[in-house]
Every structure is written in C-alpha cells, then in structure tokens.
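In the UniProt record's numbering, the protein residues as written are 1 to 453.
In this text, a Cβ means the ideal position worked out from N, Cα and C, and glycines have one as well.
From a predicted model like this one, the values you see are computed outputs, not experimental measurements.
The structure appears below as structure tokens.
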C-alpha cells in the first residue's frame with residue numbers, strides 16, 4: 001500500500017528489535033500489556049514509521065529523541081485499545097493504528113505548505129523543520145483524547161488510568177463515553193504536555209509562533225490553528241477512510257486562513273540579498289507576475305496520497321493505459337538517472353554551470369537544462385523535453401505547489417550582490433535524492449526568490 005511512499009524516502013530505519021517473545025498468557029477476557037517494540041512490530045506500523053522518517057526534516061539523532069520517544073510513549077498508553085466501539089479502527093489496536101496513520105499522512109501533506117504563513121521566505125526556510133514538528137506533534141498527540149472514553153481494569157481488580165506508565169498487569173476495558181468536551185480536551189492536553197520531550201519544547205520555543213500554534217491546537221482551539229488544523233483535518237479524513245472529502249475541500253474559514261497575497265515586488269536592481277535563502281513559489285505560467293501564494297495542498301497532491309492508499313481517484317475504469325505506463329517508466333528512468341548521478345558525483349552540483357544545486361534542505365533542479373541533459377546522456381531521441389518534464393511531475397517527488405516552479409538568482413559572490421544568473425526549476429527534499437549521509441554543502445551563491453525575479 002505504501003510502496004510509493006517508501007521509495008521516496010531515506011534509508012530504511014530500524015526502530016524495532018524484539019529478541020525475546022512474550023510468552024505470558026493473559027486470563028480469559030484480558031489482554032497482556034505490550035512493550036513499544038512489540039506494539040510497533042507489525043509490518044504496516046513499520047511502514048508508517050518509515051514514512052515518518054522519510055518525510056522528516058530532522059537528522060537521525062533528533063528524529064529519535066523528538067519523534068520516536070514521544071511516539072513510543074503514546075503507543076505505550078494506547079496498548080491494544082480500539083479507537084471506538086464501531087466504525088473505522090474499531091478493532092484491537094485501532095487507536096494506535098489511527099495515530100500512526102494520521103501522523104504519517106500529516107507529515108506528508110505538510111510538505112505542500114510553506115510555514116509560517118505570511119513570514120518572509122527566508123524565515124520560512126529557516127523554520128521549516130520546526131513547523132514540520134508542530135504538524136507531527138499535533139497529529140500524534142491529539143489522538144490521546146480517545147483514551148478519555150475508556151474504563152480500564154487490571155487483573156487485580158484495580159482501575160488503570162493512562163498517565164505515565166503502561167498497565168502493570170493484564171487488563172480489560174470497556175467504552176464509557178465522556179460527554180464533556182472540556183474534560184476530554186483538558187485530559188488530552190495534560191497527557192500531551194507530559195509526553196512532549198523537554199528538549200523539543202525548548203527547541204520549538206526558539207520560534208514563538210511555532211510553540212504557540214502547537215499549544216493552541218493541543219489545548220483544543222483547532223480552528224484557531226489555521227494551516228496546522230487544515231493539515232491535520234485532511235490527514236484524519238484520509239486515515240478514517242473518508243475519501244470523498246479528500247479534495248482540498250476545507251471549510252471556507254480555514255481556506256481564508258491559509259491564503260495570503262504576495263506583496264508587490266520591487267525591480268531586480270532594488271532587491272536586497274537575503275542571508276538564509278529565500279524560498280517561495282513562483283507561477284510557471286508567468287514568473288514575472290506578482291501572484292497570490294496559495295498554501296492549500298493541490299488536488300494533485302491529495303490524489304497522489306489517495307493513490308498510495310489504494311483508492312481509485314479516476315472515475316474512468318480505463319485510466320490505466322499503456323500511455324500512462326510508458327510515461328511512468330520514462331519518469332522513473334529520469335529519476336534514477338538524477339539520483340544516481342547526484343549520489344555518485346557524475347552530476348556536478350553547486351557550480352556556475354551546474355543544473356543541480358542544494359539550498360535550505362532542498363535539491364534545486366534547473367529546468368529545462370536538467371531534462372535536456374538527461375535526453376542527451378540517455379540517447380533518447382523520440383521523447384520531447386515537455387513530455388519528459390510532465391512524466392517527472394507525475395511522480396510527485398518534487399515540492400508540489402499547484403504545479404508551480406521556483407525561480408532563483410545564482411550570484412557570482414557569497415555576498416550575493418551584483419551580477420547573477422536567473423534559474424527556474426523544482427525543489428526536491430534532499431533526503432529523497434541523497435540516500436547516504438554524504439550530502440554536499442548548500443550553495444552559498446544561490447537565493448530562491450518570490451515574486452518578480
């Protein structure tokens with residue numbers, strides 16, 4: 001189901017190692033408490049963890065500390081509880097499945113947004129990892145609210161309340177719906193803040209808007225959380241199987257929150273260079289225009305996610321044609337050429353003549369140069385550049401902002417002043433292209449600009 005997601009990601013990340021099987025037997029009607037390793041062992045859960053790793057912007061050590069540690073604490077409290085008495089995820093383990101699914105989908109969807117909304121592009125680039133974490137925590141920790149609807153009894157007859165430790169003995173449970181939304185949300189918020197690593201809170205507090213948005217969401221003020229709520233809402237709908245609503249059809253108040261208008265740009269001679277790289281969208285149709293910057297995920301991105309889940313988003317049963325198969329093979333061949341070339345060094349990066357550059361955690365590939373170079377290297381003569389480019393876009397490896405290209409200025413000096421070369425192209429997450437730890441440094445001469453370039 002998630003093969004496509006796994007192909008996009010970094011190296012396989014081993015997170016579970018069960019060396020001794022649990023041979024204890026629970027009394028009839030009871031369930032054995034399981035360790036995080038046992039709970040995360042099923043293949044589908046390993047796949048969701050791999051997705052979380054693939055789309056994470058954090059290095060491995062921070063990923064373990066900031067993502068896996070709180071995730072294991074969540075799943076320890078969730079044990080084998082269903083999400084609800086009936087419906088989606090009503091089976092044993094449904095609550096943990098729901099938490100992992102919605103978190104995996106949320107982190108993928110978050111890659112279609114540039115956060116925080118309205119901030120200068122260089123700040124968005126600097127804060128991308130932090131806002132990525134806000135989305136992960138919001139999806140992961142909000143699932144804890146479902147624990148409030150359970151009554152759990154241990155084999156010794158004592159009541160168990162999900163706070164810090166897993167059940168100490170075999171347990172049984174029943175659903176006792178909590179009718180007070182205030183009690184549900186306050187209980188979930190209490191659990192969330194004790195599960196969040198202190199180091200992660202300190203790190204996020206570097207950007208006040210990020211920690212405040214997370215706090216707003218976890219406290220229950222979801223609609224006031226803007227883009228974060230839009231992302232989580234869509235991820236939850238997909239996780240629950242509500243596919244009919246998965247076409248970016250958010251309520252109007254959410255849409256209004258996540259649309260901003262780009263400021264009127266100055267002429268090139270008056271643009272001041274930015275220190276950390278200026279990342280923003282530029283319309284492919286007319287990159288010299290000042291455009292409205294839409295931060296809502298495109299329909300193509302949502303349909304791509306649904307196709308990963310195995311849902312058919314095409315009402316025509318004959319959509320899978322030989323033509324589309326040929327296009328996919330063409331796109332995959334280009335992608336293999338690009339990734340292998342970057343990994344082996346056959347494709348030079350970050351020089352004045354390069355068509356591949358690294359900036360702010362992304363690989364920037366220049367169009368049309370990169371496509372012409374592939375056609376030349378591969379000896380393909382019966383395919384046009386535009387056909388190849390469309391085949392690449394359909395793979396969905398690049399940052400998808402309503403089919404937008406990015407534009408950049410490649411300067412001649414590190415002060416990024418004076419003469420520059422204008423480039424147009426796509427942004428791809430570094431960890432999709434470079435699977436090893438040997439990633440080239442970012443190009444200090446390149447700036448990605450918003451608006452008139």
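Within the same chain, no residue comes within 6 Å of residue 436 by CB-CB distance, once the 5 residues on both sides are set aside. In the DSSP assignment, residue 153 forms a beta bridge with 159, 172. Partner residues in the beta bridge of residue 406, as assigned by DSSP, are 425. Cβ-Cβ separation between residue 103 and residue 140: approximately 5 Å, consistent with a contact (criterion under 8 Å). Non-local beta-carbon contacts of residue 159 in its own chain, meaning distances under 8 Å to residues more than five positions away in sequence, involve 151, 152, 153 in chain order.
Under the three-state reduction of DSSP output, residue 338 falls in the helix class.
Nearest neighbour of residue 448 by Cα position, chosen from 438, 376, 78, 365, turns out to be 365. It is roughly 16 Å from the alpha-carbon of residue 326 to the alpha-carbon of residue 375. Distance check between residue 351 and each of 446, 47, 231, 121 places 446 closest, using alpha-carbon atoms only. Selection 419, 66, 381, 431 evaluated against residue 196 yields 66 as nearest (Cα-Cα). Residue 106 is not a Cβ neighbour of residue 204, given a cutoff of 8 Å. Non-local C-beta neighbours of residue 419 in its own chain, meaning closer than 6 Å and more than five positions away in sequence, comprise 412, ordered along the chain.
Straight-line spacing of the CA atoms in residue 34 and residue 166 works out to 8 Å.
Per DSSP, the continuous beta strand (DSSP E) segment holding residue 365 begins and ends at 362–366.
For residue 422, the number of other beta carbons within 10 angstroms of its own is below 16, and it is reported as exposed. Going by C-alpha positions, residue 407 is about 12 Å away from residue 357. Here the segment 80–91 makes no contact with the segment 118–135; the two share fewer than three CB pairs at distances below 8 Å.
Between residue 213 and residue 161, the gap from beta carbon to beta carbon reaches 8 Å or more. Contact check for residue 200 and residue 148: beta-carbon distance about 24 Å, past the 8 Å limit, so the pair fails to qualify. If you ignore the 5 residues before and after residue 70, its C-beta comes within less than 8 Å of the C-beta of 137, 140, 141, 195, 196, 197, 200, all in its own chain and listed in chain order.
Straight through space, the alpha carbons of residue 219 and residue 398 are spaced by roughly 34 Å. Beyond the five residues adjoining it in sequence on each side, residue 426 comes within less than 6 Å, by CB distance, of 365, 398 in the same chain, given in chain order. Closest option to residue 334, judged by alpha-carbon separation, among 442, 123, 96, 433: 433. A distance below 8 Å separates the beta carbons of residue 99 and residue 78. At least 8 Å separates the beta-carbon of residue 226 from that of residue 88.
Scanning its chain for C-beta atoms nearer than 7 Å, with the 5 sequence neighbours on each side dropped, one finds around residue 175 the residues 85, 149, 150, in chain order.
The three-state reading of DSSP puts residue 236 in helix, counting H, G and I together. Under the three-state reduction of DSSP, residue 98 is assigned to helix. When the Cα atoms are used, residue 73 and residue 430 turn out to be separated by approximately 29 Å. The closest CA to that of residue 30, considering only 50, 109, 168, is found on 168.
Ranked by how close their Cα comes to the Cα of residue 181, the residues 355, 146, 424 have 146 in first place.
Non-local C-beta neighbours of residue 56 in its own chain, meaning closer than 6 Å and more than five positions away in sequence, comprise 63, ordered along the chain.
Burial of residue 442 is indicated by the presence of at least 16 other C-beta atoms within 10 angstroms of its C-beta.
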